[in-house]
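A.B. asks: Below is the structure I would like to discuss, written out as structure tokens.
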Amino acid sequence: MIKYFSYCCSFIVLLCCFTAKADEAVVINDSYRLGAGDTIIIQVYGEEELTLETQVTNSGTINYPFLGSLTLNGLTIKQVEKLIYDGLKGDYFVEPSVYVGMVEYRPFYIHGEVKKPGGYPYQPGMTVNQAIALAGGLTERASQEKILISREGTKITTEQGTINSKISAGDTITIEQRFF
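Under mature numbering (1 follows the signal peptide of the UniProt record, and there is no 0), the letters of the sequence shown match residues -22 to -1, 1 to 158, in that order.
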């Protein structure tokens, strides 16, 4: 009975340690695609030495113990979990329990007719209006109709935006001048 009780207590302590770190991760959209500058956390249950918080490099890769360089650019969190699971299963583990979470999104960029152009931290659900607020607001010469959003991806696309357009991590927003 005492042995059973100590096993239960040990399991609960391990479970709490494992989930405490996971709670620090950012909630993400299932369709979110990783890119250079994203920071993720990887955990394998019961294998503390395989816990890694890392940033995706400019080439879209990370280095992970046992597996080496992994290309994550364009993958979802679920796809990364499967990639690591498949890599660890068999050679290293029987049935690894892999968790991958977002710690910090790559920034978005805003320039043109804003008071403080530059890169800013992205948060899910952000709009152009919120991005403008982070950049200190519009200048006197800014147009609220001439907003361009360049989106990252396999092919960079530029689209006409509005003040209420949703933005994504890695987007570049250009606020053009208005003509009087």
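Virtual Cβ for every residue (Gly too), placed ideally from N, Cα, C.
Please state whether the Cβ-Cβ distance between Gly97 and Tyr87 is less than 8 Å.
C.D. replies: Yes. Within cutoff.
A.B. asks: Tell me whether residue 179 sits in a helix, a strand or coil according to DSSP, three-state version.
C.D. replies: The shown model of the chain, from -22 to 158, leaves out residue 179, and the question about it has no answer.
A.B. asks: Can the beta-carbon of Ile127 be found less than 8 Å from the beta-carbon of Asp149?
C.D. replies: Yes, the Cβ-Cβ distance between Ile127 and Asp149 is below 8 Å.
A.B. asks: When burial is assigned at 16 or more other CB atoms within 10 Å of the CB, is Gly52 buried or exposed?
C.D. replies: Burial call: exposed.
A.B. asks: Please indicate yes or no: does the CB of Ile55 lie closer than 7 Å to some heavy atom of the ligand MN?
C.D. replies: Summarising the ligand content, the structure contains no ligands, and the ligand MN is consequently not present.
A.B. asks: On the DSSP bridge list, what partners appear for Gln57?
C.D. replies: Answer is none; Gln57 lacks a bridge partner.
A.B. asks: Excluding the 5 residues flanking Ala(-1) on each side, which residues of the same chain have their C-beta closer than 8 Å to its C-beta?
C.D. replies: Any answer about Ala(-1) is weak, because its pLDDT of 41 lies below 50 and its placement is not dependable; what the coordinates show is given next. Excluding sequence neighbours, Ala(-1) sits near Ile19, Gln21, Tyr77, Gly79.
A.B. asks: Relative to the alpha-carbon of Ala120, which residue among Thr140, Val81, Thr39 has its alpha-carbon at the smallest distance?
C.D. replies: Of the candidates Thr140, Val81, Thr39, the one whose C-alpha sits nearest the C-alpha of Ala120 is Thr140.
A.B. asks: Extract the residue ranges of the alpha helix (DSSP H) inside the segment 106 to 144, only unbroken runs of 4 or more that lie entirely within it.
C.D. replies: Taking only runs of at least 4 residues, the alpha helix (DSSP H) segments lying wholly in the segment 106 to 144 are 106 to 112.
A.B. asks: Based on the DSSP secondary-structure assignment, which residues constitute the bridge partners of Gly79?
C.D. replies: According to DSSP, Gly79 bridges with Ile19.
A.B. asks: For the segment 106 to 120 and the segment 63 to 73, state whether three or more C-beta atom pairs, one from each stretch, are separated by less than 8 Å.
C.D. replies: Contact between the segment 106 to 120 and the segment 63 to 73 is absent, because fewer than three Cβ pairs lie under 8 Å.
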